[in-house]
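Chemist:
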């Protein structure tokens, strides 16, 4: 788990990309008083090192008709089925996050659905996976924070 | 909660941006046999409509020294403190997600930390917020799925 | 808790009213080969005895925009506040049923809301009542049965 | 989930029927200064639109010897059995309400019984349904509120 | 559930027997200014009516080497096994009380044992009964009250 | 916790008294081929040693109108209040047994009541004791075993 | 459970060994003004009596790369499997303590691991033992006290 | 958290000390074909590096009258009191282990007591510490494994 060495310039490049992944490299270059080629090389290096794994669009799910968020805790019949069940869960696009966890659940996942009825259908899909013994669901009444940028900036300040 | 009307061209633009937010508009234009200007106008329109709210970098937290994920359930003394407590939580950059939930917790949040000791410090920060009565923590042993792209593609297929 | 004596004719009258509270007494009379006056007298007697306490309309809540049902368990600070809290709950029209219960909750109630956001507002109203210490909510994914008629017919068969 | 359009007159008709389903249409007509035929037509229209689904008698269960109310949470062996189990539950007239729920139970239902012994027999009937793994019961010590009229009036005020 | 009619004299006889089941009938007779024969007849009648079901010795279990008390909650595989399991439990003399209960347990029982090791053996006996799925045990740290006399006197005061 | 030495004769005397506390000493003497005086002396000795602490009547509570049994788990605000709360509980005659326990409750007690309403009143009495924070109640659906005689005989066989 | 008789000299010898098991017997002898042979004889006697069962090294697990501590509660399918499961657990060196317990778990054990991933692997090893139905894990955020010396000294002061 | 470098000879020395902390250095030296001085130097180095933190006696607690083991979970009023409460707990010699934990408890500790009554007194001591809100206790019915030697040998095999 050795940490990749990033220097001050890398941090500043990342800080700008975190705020806007579509910012042109020439803009980054101008602000840092380096060449656009240097930006390109360094971003490429960070991608190759696996530090930057990609970028993702932030959509407004409510506007797209997906206003229902649920957390589903899964009890398995046997933990030896964990890998198999996770593969089945991965086929359900409405599950955006899944963890193997301590505590009472074996797997814990986040589900986005259109409404109560849709949520029921998705929960039933999960329940019907072979090896799943039972599920417990917690409904989100409001997604108050969903923001990785504060963390990313913090990480680069700390490094 | 009226749904914004997106046409087939919009879906195809979004589908491409979902896979790579940094794809040049000229590339999108070429593939869809439209002008880059049209792509630009449509993306702008979707941004103004609030459908596209931005883009975010996907970093490898493990490589950056953040390999510890915990879910923290918060019990408040009074739900009238919910807004105040969420504002305090928002000041802790290690909390990347927070929900108001049904079930036993008032607020449920996701925390990324460097290790066990760091997690303890963050949990104590949350516990020390005025109005927080108690917390319960569930540790992730493995983040098996963290992928919104499957969902985004699904949404545009369905629309 | 002495049971009021109902005879066979009373049961048959009730059986018909259970299926349709608006059935004219003349129709009941015709079917039972008695006079409409007799029906009137007997229904009046059952109302005075408190057996029939009224009648209620069965509306389609989903069609009226109320598709969200939640059960809310309430923990009080002191059970001596039970009466006071129930009076406050009674002022919230979205709470259609409330019980004093054994088990972990002091009061258990049923809430009908328009959607998730509305449900959150109602739960917060309950949480903010003086004397309420905490609540736990269970969401209904589907109201599969809501039918007292089967029970009413059964009671009159048994009597 | 399009809402049926009701006008002010419809609301006033419903408001009167909510308080007394047996009120003669001529009485409603007189109060609203419209003809009884108009009342009849509008009620019929609301019935056909499915807004009014019927009416039900409000009996005094205690006077009829049914003073025991329990809420029974059901754990299924597999959620794929939900539909089958609900059909079996529907054959037990003592179960007046049943929901598919989130949280720890798969199905949650309300039971009216004569006394403790009768409740035990009903719970055992539910427990014996194929596919039911376990049940947990919560006893009502007092049904403090059971009133949909406040909600109905509220809905028509809001519309 | 008709209540047997007891008069004032019966109450006074019972009140004396409650305090000392071995009190000679002649002593009771003297205090109540009635004949010993009358006492005999009335006690006999109460025994025949099933009101007095017997008497039991109050031993000091600690002095007899039984200082460990545990409450054991039993989960059954199916409630249809309740009768069978209770018969097996009845063969274990260390179980002095057993109830069919609401809440999370199917059967709840009280166990008296010599010490921790003995308690473990008894719990294992219960666990090994066919149809028992799991048990949960709560240990008594002190039996602070075990006294039915206060209740018995209260009942006769109230009647 | 030294065990009092009981010989074979003592065991046989106790065995007879366990089955019927009112058996005349002359009957015991005849069966054991010893004098009634010897029986008297030995019983007296066992009473003085505290082994026999008394005897109690076994009444049929259902016939006396007390058919409702509940177990109530009590959470205290501070365990330093245990002694005080137990003294208040001791003033409620409907509580026949109370234990200081491990597990989630501080005090666990058994309540006999007439019916659901009466049980509610008793639970509220307990809830209202100063120092009691909260209670949880489990209802008995059937008292299947309540018999110390099997244990008593077992103890004397083992000694 | 008869207690072995230890005299004042034995206590003082034990008190010194508790602080440093490697202290030479000649040092102990000098301090107590007895001969080294006497120390030797008495230690031997305490070993033969089973009071001293050995000695163990106190290593710094964090320095050795084992900084992760978890408590794992095990639910068995049947308690008759307890012995078998404990034997399998005994083959996993990372489990340093295991108890048969009351409460919700059948077996409760302490696990030392290198990190989160290692802990997951160990928990899966336990989960995969035949007869284990499910496990629940609690993570230690800090081992604040791990010290038997205070207890040992206390025991010898009390004796 | 850099790992101290130990070579093969160090491992073999530790392996022997783990089995018997009182083994003379001359015996270790003979087996490893090195000088006793070398053993001495290396052990000293490992002590100075903090890898060996001491040694402790393994006593038979049952023979010393301490046969009762309990795990006590502590809920604090505020986690800011953690340090203060741990200091108070440290003054109770019967608590041999204490952890700050995730999950429902703030602090989780292991208690050794003489018997049920003694355990109650210790639990009450913990409950009475300022800042402790509530405790839950789990009783050990048998300490089946308590052995760090398997782990220590494993660690040195792996290094």
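Residue numbers (the UniProt record's numbering), protein chains in the order written: chain D, 1 to 159; chain E, 1 to 159; chain S, 1 to 159; chain X, 1 to 159; chain W, 1 to 159; chain F, 1 to 159; chain C, 1 to 159; chain U, 1 to 159. Using N, Cα and C, we set each Cβ at its ideal position, and we do this for glycine too.
My assumption, with CB atoms under 8 Å, is that residue 148 of chain D sits in contact with residue 96 of chain E. Please give the rounded CB distance.
Modeler: The Cβ separation is near 5 Å, so the contact holds.
Chemist: Beta-carbon separation of residue 139 of chain U and residue 135 of chain C under 8 Å?
Modeler: It is not a contact, given that the beta carbons lie outside the stated cut-off.
Chemist: Here's the rule: buried if 16 or more other CB atoms are within 10 angstroms of the residue's CB, otherwise exposed. What is residue 93 of chain U?
Modeler: Buried is the call here.
Chemist: From which residue to which residue does the beta strand (DSSP E) around residue 136 of chain X run?
Modeler: Run containing residue 136 of chain X: 132-146, per the beta strand (DSSP E) assignment.
Chemist: Give me the Cα-Cα distance between residue 145 of chain D and residue 116 of chain S, rounded to the nearest whole angstrom.
Modeler: Approximately 17 Å, taken between the alpha carbons.
Chemist: Is residue 22 of chain D helix, strand or coil by DSSP?
Modeler: Looking at residue 22 of chain D - three-state DSSP - the assignment turns out to be coil, as it is neither helix nor strand.
Chemist: Roughly how far, in whole angstroms, is the beta-carbon of residue 69 of chain E from the beta-carbon of residue 106 of chain E, given that I think they are within contact range, below 8 Å?
Modeler: So it is not a contact: roughly 21 Å between Cβ atoms.
Chemist: According to DSSP, what are the bridge partners of residue 100 of chain U?
Modeler: Answer is C:142, U:107.
Chemist: Please classify residue 35 of chain F: does DSSP put it in a helix, a strand, or coil?
Modeler: If DSSP states are grouped into helix, strand and coil, residue 35 of chain F belongs with coil.
Chemist: Classify residue 113 of chain F as buried or exposed, calling it buried when 16 or more other Cβ atoms lie within 10 Å of its own Cβ.
Modeler: Buried, because 16 or more other Cβ atoms sit within 10 Å of the Cβ of residue 113 of chain F.
Chemist: So which residues of chain F does residue 144 of chain W contact, with C-beta pairs closer than 7 Å?
Modeler: Going along chain F in sequence order, the residues near residue 144 of chain W (Cβ under 7 Å) are 86, 98, 99, 100.
Chemist: Since residue 132 of chain U and residue 119 of chain U should fall inside the 8 Å C-beta cutoff, what is the C-beta to C-beta distance between them, to a whole number of angstroms?
Modeler: With a Cβ gap of about 16 Å, residue 132 of chain U and residue 119 of chain U do not count as contacting.
Chemist: With three or more C-beta pairs closer than 8 Å as the rule, is the segment 48-62 of chain F touching the segment 12-25 of chain W?
Modeler: The segment 12-25 of chain W is in contact with the segment 48-62 of chain F.
Chemist: Under 9 Å between beta-carbons, which chain W residues line up against residue 119 of chain U? List them in chain order, please.
Modeler: By Cβ distance, chain W contributes 139, 141.
Chemist: Take residue 127 of chain S and list the residues in its own chain whose beta-carbon comes closer than 8 Å to its own, dropping the five residues that flank it on each side.
Modeler: Result list for residue 127 of chain S: 134, 135, in chain order.
Chemist: So, using beta-carbon positions, are residue 156 of chain E and residue 15 of chain E closer together than 8 Å?
Modeler: Contact flag set, yes.
Chemist: So which of E:154, E:153, E:63 has the shortest CA-CA distance to residue 170 of chain D?
Modeler: The shown model of chain D, from 1 to 159, leaves out residue 170 of chain D, and the question about it has no answer.
Chemist: Can you name the residues that DSSP bridges to residue 71 of chain F?
Modeler: Answer is F:110, F:138.
Chemist: Against chain S, does residue 50 of chain E count as a neighbour if the rule is that its beta carbon must be under 8 Å from one of theirs?
Modeler: Taking Cβ atoms only, chain S never reaches closer than 8 Å to residue 50 of chain E, which makes this a no.
Chemist: With respect to the alpha helix (DSSP H) encompassing residue 126 of chain F, which residues constitute its N-terminal and C-terminal limits?
Modeler: From DSSP, the alpha helix (DSSP H) with residue 126 of chain F extends over 116-127.
Chemist: With a threshold of 8 Å between beta carbons, is residue 124 of chain F in contact with chain W?
Modeler: Residue 124 of chain F does not count as touching chain W.
Chemist: Express the C-alpha separation of residue 123 of chain W and residue 82 of chain F in angstroms, rounding to a whole number.
Modeler: For residue 82 of chain F and residue 123 of chain W, the distance between alpha carbons rounds to 28 Å.
Chemist: Note down the Cα distance separating residue 48 of chain W from residue 28 of chain W, rounded to an integer number of angstroms.
Modeler: So the two alpha carbons sit approximately 20 Å from each other.
Chemist: List the whole-angstrom C-beta distance separating residue 13 of chain C from residue 39 of chain C, where the pair is believed to meet the contact cut-off of C-beta under 8 Å.
Modeler: Residue 13 of chain C to residue 39 of chain C, Cβ: 6 Å. Contact.
Chemist: Select from the segment 65-87 of chain S all residues with a C-beta closer than 8 Å to any C-beta belonging to chain E, and list them in chain order.
Modeler: Listed by position, the residues of the segment 65-87 of chain S near chain E (Cβ gap below 8 Å) are 70.
Chemist: Could you spell out where the beta strand (DSSP E) holding residue 155 of chain E opens and where it closes?
Modeler: Counting along the chain, residue 155 of chain E falls outside any beta strand (DSSP E), though it belongs to the alpha helix (DSSP H) covering 149-158.
Chemist: Say whether chain F places a C-beta atom closer than 8 Å to the C-beta of residue 95 of chain W.
Modeler: Closer than 8 Å to some Cβ of chain F, the Cβ of residue 95 of chain W qualifies, so yes.
Chemist: When DSSP labels each residue in this structure, what does residue 92 of chain X get in the three-state scheme?
Modeler: Correct three-state label for residue 92 of chain X: coil.
Chemist: Compare the C-alpha of residue 90 of chain X against each of S:104, S:150, S:46 and name the closest.
Modeler: Ranking S:104, S:150, S:46 by Cα distance to residue 90 of chain X puts S:150 first.
Chemist: Mind listing the chain E neighbours of residue 147 of chain D? Cutoff is C-beta to C-beta under 7 Å, in chain order.
Modeler: Correct list: 96.
Chemist: Taking Cβ to Cβ, would you say residue 108 of chain D is nearer than 8 Å to residue 71 of chain D?
Modeler: Yes, they are a contact pair.
Chemist: For residue 35 of chain S, decide whether its Cβ has a neighbour in chain X, counting only Cβ atoms nearer than 8 Å.
Modeler: So, not an interface residue.
Chemist: So for residue 14 of chain W, helix, strand or coil by DSSP?
Modeler: Helix, per DSSP.
Chemist: Shortest alpha-carbon distance to residue 77 of chain F belongs to which of U:10, U:88, U:129, U:154?
Modeler: Considering only alpha carbons, the answer is U:129.
Chemist: Taking CB distances under 8 Å as the criterion, tell me whether residue 116 of chain C reaches chain E.
Modeler: True, the Cβ-Cβ gap to chain E drops below 8 Å.
Chemist: Taking the C-alpha atoms as reference points, what is the distance between residue 153 of chain E and residue 46 of chain E?
Modeler: Between residue 153 of chain E and residue 46 of chain E, the C-alpha separation is close to 16 Å.
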